[in-house]
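Undergrad: Under UniProt numbering, read the sequence shown as residues 1 to 374, first letter to last. Glycine included, every Cβ here is placed at the ideal spot set by N, Cα and C. As the structure is a prediction and not an experimental result, all values here were calculated from the model.
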Amino acid sequence: MPALCAIVLLVSCVAPAALTELYLSDYYTYEGVMDYLDSLAKQYPQRVLVKDAGRSYERRMLKTITITNGDRLPGKRTIFMDAALHSREWMTPMAALYAIQELVVNFKQNSDLLRNFNWIVLPLGNPDGYEYSRNSDRWWRNTRSPNGAECYGTNLNRNFDVAWGQGYAELADPCSESYAGSEAFSEAEARLVRDTMHELVDNGSGVMYLSLHTANRSMFYPWVHDSTPTSNHLEMQEIARYATNRIYAETSTVIKSLQAFYYGGEMGGTSLDYAFKVGFPLSFVFEMSGLAHGLEYKFFPPPTEIHRLAAESWVGIRALAEKAIEKYPPGRLIPRVPRVTASNKAPSSRDYNVLVLRGLLSTLLAYVAQHLIG
Ligand SMILES: *[C@@H]1O[C@H](CO)[C@@H](O)[C@H](O)[C@H]1NC(C)=O
Ligand SMILES: *[C@@H]1O[C@H](CO)[C@@H](O)[C@H](O)[C@H]1NC(C)=O
Ligand SMILES: [Zn+2]
Numbered sequence: 001m002p003a004l005c006a007i008v009l010l011v012s013c014v015a016p017a018a019l020t021e022l023y024l025s026d027y028y029t030y031e032g033v034m035d036y037l038d039s040l041a042k043q044y045p046q047r048v049l050v051k052d053a054g055r056s057y058e059r060r061m062l063k064t065i066t067i068t069n070g071d072r073l074p075g076k077r078t079i080f081m082d083a084a085l086h087s088r089e090w091m092t093p094m095a096a097l098y099a100i101q102e103l104v105v106n107f108k109q110n111s112d113l114l115r116n117f118n119w120i121v122l123p124l125g126n127p128d129g130y131e132y133s134r135n136s137d138r139w140w141r142n143t144r145s146p147n148g149a150e151c152y153g154t155n156l157n158r159n160f161d162v163a164w165g166q167g168y169a170e171l172a173d174p175c176s177e178s179y180a181g182s183e184a185f186s187e188a189e190a191r192l193v194r195d196t197m198h199e200l201v202d203n204g205s206g207v208m209y210l211s212l213h214t215a216n217r218s219m220f221y222p223w224v225h226d227s228t229p230t231s232n233h234l235e236m237q238e239i240a241r242y243a244t245n246r247i248y249a250e251t252s253t254v255i256k257s258l259q260a261f262y263y264g265g266e267m268g269g270t271s272l273d274y275a276f277k278v279g280f281p282l283s284f285v286f287e288m289s290g291l292a293h294g295l296e297y298k299f300f301p302p303p304t305e306i307h308r309l310a311a312e313s314w315v316g317i318r319a320l321a322e323k324a325i326e327k328y329p330p331g332r333l334i335p336r337v338p339r340v341t342a343s344n345k346a347p348s349s350r351d352y353n354v355l356v357l358r359g360l361l362s363t364l365l366a367y368v369a370q371h372l373i374g
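Right under this line is the structure:
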């Protein structure tokens, strides 16, 4: 095919237009996800920035996509979404790509979600595990870093520095799919998510963190390492309920919403709690549905269901974003949380005071811009 293209008409083969249409009839490969992001960056350079943000343990790319409305006004707030930290949850990168397509390609219908906010999406947070799950052992959940004794992989959603290792015995078992790692942030993939969170909190823009999982049909908010409600748990509860009600109204799928602790008990090391701990005022895990025609497919719905499930997840993601945006208008200050521990391998050269000032200044600018222009 490529050779034929070269012979017939080079231009029509490299034209990116067709690539930017999401293919929803099968699960994407790692390369497919990377190519899709690149095609958007090429086609929509004024609204899309694709960053080769880091490397996985096996040196695959960890790409993020920053989506804006292209007006280049400073001081916008940020929604940060990731997917596939658990590699066998195959619908999650598809849902992330679907959301990206809605925000970029179908921008006109969704421009309200990009007026005062930018989005940063990491659609494939654990590419090594994802490829291993697709090609070798579909139930694979973790990274692929070696733990000695012929056991591999760390559960990324136990590897964050918040009550790390607390909860249950398997977290310390290097051969368990719940292994929390040799230390907090032992995994490059978790450090990338951490560094993105820190950047957004430090520059005053991080409002909502959303991590996509399957297939428990739940909308979770912090804490999960502690039964105590957070200071703003009523706000997160309201937002979660709004989203699950919207999903029910549009699809009849029932998604429950609750503080994550009351799902499975105490569990440390999650990205959900870490985001909230470092200063995202809103943090959610969306455990999407794996149901089709009354059957529970859990992590591997048949490809014929991808389109419907991705569209259903978008109803929830959109609703969360709508409410977050409504609750955090440019004039509302985000309470700052002092960084307690300088956790391992964290970037250390940042001047906290300068960053605080910069964050306040850009909030002010956004507020002025909004009221003069809008
Ligand atoms: C904060 O950092 C993110 C990520 O680099 C960037 O997209 C955003 O524009 C920054 N926001 C502010 C207010 O500086
Ligand atoms: C979600 O997790 C809870 C707790 O482990 C379990 O009781 C419930 O059956 C799960 N629901 C689905 C849809 O998997
Ligand atoms: Zn998961």
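Less than 8 Å between the C-beta atoms of Ala243 and Gly181, yes or no?
TA: Their beta carbons are not under 8 Å apart, which means Ala243 does not touch Gly181 by this criterion.
Undergrad: For Gly148, is the classification buried or exposed, using 16 other Cβ atoms within 10 angstroms of its Cβ as the cut-off for buried?
TA: By the 10 Å Cβ count, Gly148 comes out exposed.
Undergrad: I need the straight-line Cα distance from Ala319 to Ser186, nearest angstrom please.
TA: Answer to the nearest angstrom: the Cα atoms are 34 Å apart.
Undergrad: Since I believe Phe160 is in contact with Thr230 (beta carbons under 8 Å), could you give me their beta-carbon distance rounded to a whole number of angstroms?
TA: In fact, because the Cβ distance is near 16 Å, the residues do not count as touching under 8 Å.
Undergrad: Does the Cβ-Cβ distance between Val224 and Asp173 come in under 8 Å?
TA: Against a cut-off of 8 Å, the Cβ pair of Asp173 and Val224 comes out as no contact.
Undergrad: Using 8 Å as the threshold, is the C-beta distance between Val162 and Leu282 below it?
TA: No. Outside cutoff.
Undergrad: Could you check if Lys76 belongs to the surroundings of ligand 1, using beta carbon to heavy atom distance under 7 Å?
TA: Checking the Cβ of Lys76 against ligand 1 gives yes.
Undergrad: By the 10 Å Cβ neighbour count, where 16 or more other Cβ atoms means buried, how is Asn245 classified, buried or exposed?
TA: Label assigned to Asn245: exposed.
Undergrad: Where DSSP assigns a beta bridge to Phe220, which residues make up the other side?
TA: The partner list for Phe220 (beta bridge, DSSP) reads Leu258 and Val285.
Undergrad: Going by beta carbon distance, what residues of the same chain come within less than 6 Å of Ser133, once the five residues before and after it are set aside?
TA: For Ser133, where only same-chain residues beyond five positions count, the Cβ hits under 6 Å are Ser87, Arg88 and Trp140.
Undergrad: Just to confirm the assignment: which complete alpha helix (DSSP H) runs, minimum length 4, are found wholly within the stretch 221–254?
TA: You should have 233–251.
Undergrad: Kindly indicate which residue of Pro330, Arg241, Pro329 and Glu322 has the alpha-carbon position closest to the one of Ser111.
TA: It is Glu322.
Undergrad: Could you check where the beta strand (DSSP E) with Gly54 kicks off and where it finishes?
TA: Taken as a continuous stretch (DSSP letters only), the beta strand (DSSP E) holding Gly54 covers Val48 to Arg55.
Undergrad: When every heavy atom of ligand 2 is checked, does at least one fall within less than 7 Å of the C-beta of Phe70?
TA: Reading the sequence as shown, one finds Gly at residue 70 and not Phe. Every heavy atom of ligand 2 is 7 Å or more from the Cβ of Gly70, so no.
Undergrad: With 8 Å set as the bound, which would you pick, yes or no: does the beta-carbon of Gly153 sit closer than that to a beta-carbon of chain B?
TA: Absence of chain B from the displayed structure is noted, only one protein chain being present.
Undergrad: Among Leu309, Arg332, Leu333 and Ile334, which residue has its Cα nearest to the Cα of Met91?
TA: It is Leu309.
Undergrad: Run the proximity test for Asn142: is its beta-carbon closer than 7 Å to any non-hydrogen atom belonging to ligand 3?
TA: Checking every heavy atom of ligand 3 against the Cβ of Asn142, none is found closer than 7 Å.
Undergrad: Please identify the residue among Arg194, Leu124 and Tyr168 whose C-alpha is closest to the C-alpha of His213.
TA: Among Arg194, Leu124 and Tyr168, the Cα nearest to that of His213 is on Leu124.
Undergrad: What distance in whole Å lies between the Cβ atoms of Val104 and Leu62, which are believed to be in contact at a cut-off of 8 Å?
TA: The pair is not a contact, with the Cβ atoms about 19 Å apart (cut-off 8 Å).
Undergrad: Helix, strand or coil: which one does DSSP assign to Asp82?
TA: Reduced to three states, the DSSP call for Asp82 is strand.
Undergrad: Alpha carbon to alpha carbon, how far is Lys256 from Asp128? Give it in angstroms, no decimals.
TA: Whole-angstrom Cα-Cα distance: 31 Å.
Undergrad: Is the beta carbon of Ile306 sitting closer than 8 Å to the one on Met81?
TA: No, the pair does not count as a contact, with Cβ atoms beyond the cut-off.
Undergrad: Within its chain, find whatever has a CB closer than 7 Å to the CB of Gly70; leave out the 5 residues flanking it on each side and keep chain order.
TA: Once the five neighbours on either side are set aside, the close Cβ partners of Gly70 are Gln46 and Arg47.
Undergrad: Tyr328 to Glu235, Cα distance in whole Å?
TA: Approximately 11 Å between the Cα atoms of the pair.
Undergrad: Taking the continuous alpha helix (DSSP H) assigned at Val33, which residues delimit it?
TA: Counting along the chain, the alpha helix (DSSP H) containing Val33 begins and ends at Tyr30 to Gln43.
Undergrad: Does the beta-carbon of Leu200, which I'm using as the reference point, lie nearer than 7 Å to any heavy atom of ligand 1?
TA: Yes; taking the cut-off as 7 Å, the Cβ of Leu200 has a heavy atom of ligand 1 nearer than that.
Undergrad: Ligand 1 heavy atoms versus the CB of Asn118: any closer than 7 Å?
TA: The answer is yes for Asn118.
Undergrad: Please confirm whether Leu156 and Gly165 have their CB atoms less than 8 Å apart.
TA: No; because the gap between Cβ atoms is not below 8 Å, this pair is not in contact.
Undergrad: Mind checking which residues open and close the beta strand (DSSP E) that includes Met61?
TA: Where Met61 is concerned, the enclosing beta strand (DSSP E) stretches over Met61 to Ile67.
Undergrad: Hey, would you say the C-beta of Glu89 is under 7 Å away from at least one heavy atom of ligand 3?
TA: Yes, ligand 3 has a heavy atom inside 7 Å of this Cβ.
Undergrad: Just verifying my parser: in three-state terms, what is the DSSP assignment at Val278?
TA: Three-state result, Val278: helix.
Undergrad: Give the single residue among Asp202, Pro335 and Thr66 whose Cα lies nearest to the Cα of Leu37.
TA: Comparing Cα-Cα distances from Leu37 to each of Asp202, Pro335 and Thr66, the minimum goes to Thr66.
Undergrad: What are the boundary residues of the beta strand (DSSP E) that Trp90 is part of?
TA: Element bounds for Trp90: n/a, residue is neither H nor E.
Undergrad: State the start and end residues of the unbroken alpha helix (DSSP H) segment that holds Trp119.
TA: Looking at the DSSP string, Trp119 is not in any alpha helix (DSSP H); the run it does join, the beta strand (DSSP E), is Phe117 to Leu122.
Undergrad: How would you call Gln109, buried or exposed, if buried means at least 16 neighbouring beta carbons within 10 angstroms?
TA: The residue is exposed, with fewer than 16 neighbouring Cβ atoms inside 10 Å.
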